[in-house]
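Please read the structure below before turning to the comments.
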Amino acid sequence: MFFPFGNLFAQEPESEYHHNFLIMGVPQHLFQNGIRIEFDRRLNNPQNWLIVAPTVYYRGQRGNWLIGNFNVHSMWGAGLEVFYRRFMKDRPEPGGFYLSGGTGYRFVNQEYRGDRWDIYTENGLTFYRYNNSSWHKQNHTFSLKGTAGYQFVTEQHLMLDVFIGYGLLLSRQDIPDNVEVLSHFDNDAFSFGYTGLLYEIGVRLGIGW
Numbered sequence: 000m001f002f003p004f005g006n007l008f009a010q011e012p013e014s015e016y017h018h019n020f021l022i023m024g025v026p027q028h029l030f031q032n033g034i035r036i037e038f039d040r041r042l043n044n045p046q047n048w049l050i051v052a053p054t055v056y057y058r059g060q061r062g063n064w065l066i067g068n069f070n071v072h073s074m075w076g077a078g079l080e081v082f083y084r085r086f087m088k089d090r091p092e093p094g095g096f097y098l099s100g101g102t103g104y105r106f107v108n109q110e111y112r113g114d115r116w117d118i119y120t121e122n123g124l125t126f127y128r129y130n131n132s133s134w135h136k137q138n139h140t141f142s143l144k145g146t147a148g149y150q151f152v153t154e155q156h157l158m159l160d161v162f163i164g165y166g167l168l169l170s171r172q173d174i175p176d177n178v179e180v181l182s183h184f185d186n187d188a189f190s191f192g193y194t195g196l197l198y199e200i201g202v203r204l205g206i207g208w
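Rendered as structure tokens:
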């Protein structure tokens with residue numbers, strides 16, 4: 000008569016899957032003055048994962064640019080990307096080969112100094128005057144990306160992920176109406192206002208439990 004109560008208080012069997020939640024850092028974004036943390040969550044199908052990836056960008060003063068336009072004196076912004084990932088094999092640990100795809104949005108405000116002409120009209124004539132003051136450019140970028148990679152798992156809950164792939168960036172810039180830019184910028188994949196194909200390669204480092 001006590002058998003049903005024994006089943007009621009029996010401990011549920013432990014899941015065979017481990018590390019169902021990961022927190023991963025993406026160090027290559029530091030080259031663009033960004034900090035990116037990715038949150039990975041295992042879905043109901045153990046091979047499928049959802050990844051939410053926020054990024055913040057900030058630089059308070061002009062410095063040495065490793066990547067980007069040297070005429071930028073300061074910047075700030077943020078972005079968010081969401082990815083779906085599927086591992087090729089069903090394993091207890093989130094390791095092995097995978098395919099991933101996702102989309103996102105990014106906003107970055109940049110302060111430029113010099114490098115422009117002011118346009119003004121006087122007595123019906125249009126004049127161009129070089130002005131060395133500062134001005135701001137706002138970049139709105141939409142992304143669509145696909146990657147393939149391999150994720151390593153250690154016994155100490157540490158993760159190492161390496162990946163390659165391609166992306167498509169669509170950007171729009173807002174600048175003052177009376178500004179004509181002298182130099183050509185945003186013409187490479189490392190610039191925030193870039194539109195075109197992007198080659199993705201990088202690593203992720205983090206922990207899981």
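Numbered per numbering that gives the first Met the number 0, the sequence shown spans residues 0 to 208. For glycine and all other residues, C-beta sits at the position ideal for the given N, C-alpha and C.
Please classify residue i: does DSSP put it in a helix, a strand, or coil?
i	result
Tyr30	Rather than Tyr, the amino acid found at residue 30 in this sequence is Phe. Note: Phe30 maps to helix in three-state DSSP.
Pro93	coil
Thr146	strand
Val25	coil
Lys88	coil
Gln60	coil
Trp208	coil
Asp173	strand
Ser234	Limits of the chain in this structure are 0 at one end and 208 at the other, which puts residue 234 out of reach.
Leu17	Checking the sequence, you will find His at residue 17 rather than Leu. The answer is coil: DSSP assigns His17 none of H, G, I, E or B.
Gly78	strand
Tyr119	strand
Return the Cβ separation of residue i and residue j in integer angstroms, given the expectation that the two are a contact with Cβ distance under 8 Å.
i	j	result
Thr54	Arg84	With a Cβ gap of about 18 Å, Thr54 and Arg84 do not count as contacting.
Leu204	Leu159	6 Å
Gly103	Leu79	6 Å
Assuming residue i is part of the beta strand (DSSP E), what are its boundary residues?
i	result
Leu42	Note, Leu42: premise wrong, no beta strand (DSSP E); not H, not E.
Phe126	Leu124 to Tyr129
Check your understanding: Do the region 113 to 128 and the region 156 to 172 meet, that is, are 3 or more Cβ pairs less than 8 Å apart?
Key -> Contact fails: fewer than three Cβ-Cβ distances are below 8 Å.
**Study point:** Sufficient close CB pairs (3 or more, under 8 Å) joining the region 150 to 165 to the region 101 to 111
**Key:** Three or more beta-carbon pairs separated by less than 8 Å are not found between the region 150 to 165 and the region 101 to 111, which leaves the two stretches without contact.
Review point. Do the region 17 to 33 and the region 82 to 100 make contact, defined as three or more Cβ pairs closer than 8 Å?
Key: A contact exists between the region 17 to 33 and the region 82 to 100.
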